[in-house]
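**Q** Okay, here's the structure, questions in a sec.
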Amino acid sequence: MRDLKIPEQRHPEKARRPDNAQPKKPNWIRVKAPGGKAYAETHKIMRENGLVTVCEEAGCPNVGECWSQGHATMMIMGEVCTRACTFCNIATGKPPEDLDAFEPGRVAHAVAKLGLNHVVITSVDRDDIEDGGAEHFAQTIRAVRHRSPSTTIEILTPDFIKCDASALEKVVEARPDVFNHNLETVPGLYPEVRPGARYFHSLRLLQRVKEMDPSMFTKSGIMVGLGEDSQSVRQVMDDMRAADIDFLTIGQYLQPTPKHHGIDRFVTPDEFAAYEKAAFGKGFLMVSATPLTRSSYHAGDDFARLRDARQKKLGQG
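In our numbering, the protein residues as written are 227 to 543.
In structure tokens form, the structure reads like this:
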């Protein structure tokens with residue numbers, strides 16, 4: 227039985243990789259250690275419902291702030307991913323279990339218990355399942371919608387690269403409010419950062435969501451500090467806008483362990499501000515570009531701004 231707390235068992239594919247130095251974080255990336263009554267209550271609800279969160283599994287630096295506000299990003303379909311992205315801290319390998327048919331109900335119960343106005347639901351990649359877990363996503367969306375009809379739902383999905391086109395259709399037909407799939411990095415870095423994925427497949431996935439349901443918000447994000455340059459980041463922005471993506475997130479890559487992809491550099495707050503200005507100039511409805519930005523960081527507040535931006539745009543049209 228694997229012990230996912232042991233790095234060599236959590237990431238067996240990285241065990242023999244040479245170590246990459248982990249430079250000291252600059253002062254603009256420091257965060258407070260998690261704690262407090264509200265944080266503990268969120269933790270308790272997650273454990274009581276047997277739920278996994280990407281906040282914990284990916285080692286998100288914002289977990290203290292978000293959980294203290296009762297916001298947790300649910301991670302469905304287990305805690306072992308079939309991909310081996312070099313930036314990611316989620317455990318990799320062959321998932322030891324089939325999908326849990328009761329998980330959608332437990333997620334819905336936790337959402338109701340936390341009283342969430344907006345929930346983000348993500349997952350590991352499950353290339354071992356014929357539809358990549360698309361039906362499981364759809365069931366989870368429907369369960370949350372039934373239990374908490376006023377809660378807006380944001381999903382962050384895999385790329386379904388090995389699946390029939392009907393897999394994506396299943397998810398879109400369940401009508402989440404926001405469909406997010408992260409491109410993660412610039413195309414030139416895919417072979418070393420995201421070897422199991424394809425840049426233009428991911429881009430096309432988001433474009434297809436818009437084609438199936440033009441009213442659905444689409445969202446994607448990248449990390450910087452992996453070795454990209456400013457020009458390649460701006461090209462990704464153009465590619466996303468060509469695919470009619472509404473919402474862009476850009477955050478600093480933080481290296482989980484010495485075995486993960488090394489940090490090329492820490493991007494300054496001024497550079498993030500320049501990226502944000504450029505992205506709004508290219509037509510995104512919503513942009514979040516800061517060192518600590520993550521896909522689901524402040525997602526509820528950002529969704530309200532996203533909806534307002536669309537209404538304003540339509541009003542001006």
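Beta carbons are placed, not taken as given, at the ideal position from N, Cα and C, and that holds for glycine.
1) Note down, in chain order, each residue of its chain lying with its Cβ closer than 7 Å to the Cβ of A468, except the 5 sequence neighbours on either side.
2) Hey, is the segment 385-404 in contact with the segment 321-333, meaning 3+ C-beta pairs nearer than 8 Å?
3) Alpha carbon to alpha carbon, how far is A327 from W254?
4) By the 10 Å Cβ neighbour count, where 16 or more other Cβ atoms means buried, how is E380 classified, buried or exposed?
5) Contact check, D357 vs A393 under 8 Å by CB: the rounded distance?
6) Within the chosen definition, does the segment 478-485 reach the segment 437-445 through at least 3 CB pairs nearer than 8 Å?
7) Classify F405 as helix, strand or coil using the three-state DSSP reduction.
8) Please state whether the Cβ-Cβ distance between H486 and F363 is less than 8 Å.
9) List the DSSP bridge partners of K445.
10) So who's on the other strand from H344, going by DSSP bridges?
11) Among all the DSSP beta bridges, which residues are the ones paired with Q365?
12) Could you give the first and the last residue of the continuous beta strand (DSSP E) run that contains V513?
13) Run the CB neighbour count on F443, radius 10 Å, all protein chains shown included, and call it buried at 16 or more, exposed below.
14) Could you tell me whether the segment 404-420 touches the segment 446-461, where touching means 3 or more Cβ pairs closer than 8 Å?
15) Please report the distance separating the alpha-carbon of D385 from that of A247.
16) Please work out which residues of its chain come closer than 6 Å, Cβ to Cβ, to G319, disregarding the five sequence neighbours upstream and downstream, and give them in chain order.
17) Let me know if D534 comes out buried or exposed under the rule of 16 or more other beta-carbons within 10 Å of its beta-carbon.
**A** The short version:
1) If we look at A468 and ignore the five residues flanking it on each side, it has no Cβ neighbours.
2) Contact fails: fewer than three Cβ-Cβ distances are below 8 Å.
3) Near 43 Å, if we compare the C-alpha coordinates of W254 and A327.
4) Result: buried.
5) Rounded, the Cβ-Cβ distance is 4 Å, consistent with contact.
6) With the cut-off at 8 Å, the segment 478-485 and the segment 437-445 do not touch.
7) Looking at F405 - three-state DSSP - the assignment turns out to be strand.
8) The Cβ atoms of H486 and F363 do not sit closer than 8 Å to each other.
9) Per DSSP, N406 and F473.
10) According to DSSP, residue pairing for H344 in a beta bridge involves T378.
11) BP columns for Q365 are empty, so no partner.
12) Looking at the DSSP string, the run of the beta strand (DSSP E) that includes V513 is M512 to A515.
13) Buried, by the Cβ-count rule.
14) Using a Cβ-Cβ distance cut-off of 8 Å, the segment 404-420 and the segment 446-461 are in contact, since at least three pairs of beta carbons, one from each stretch, lie closer than that value.
15) Pairing D385 with A247, the inter-Cα distance amounts to about 31 Å.
16) Excluding residues within five positions, the ones whose Cβ falls inside 6 Å are V306.
17) By the Cβ neighbour-count rule, D534 is exposed, with fewer than 16 other Cβ atoms within 10 Å of its own.
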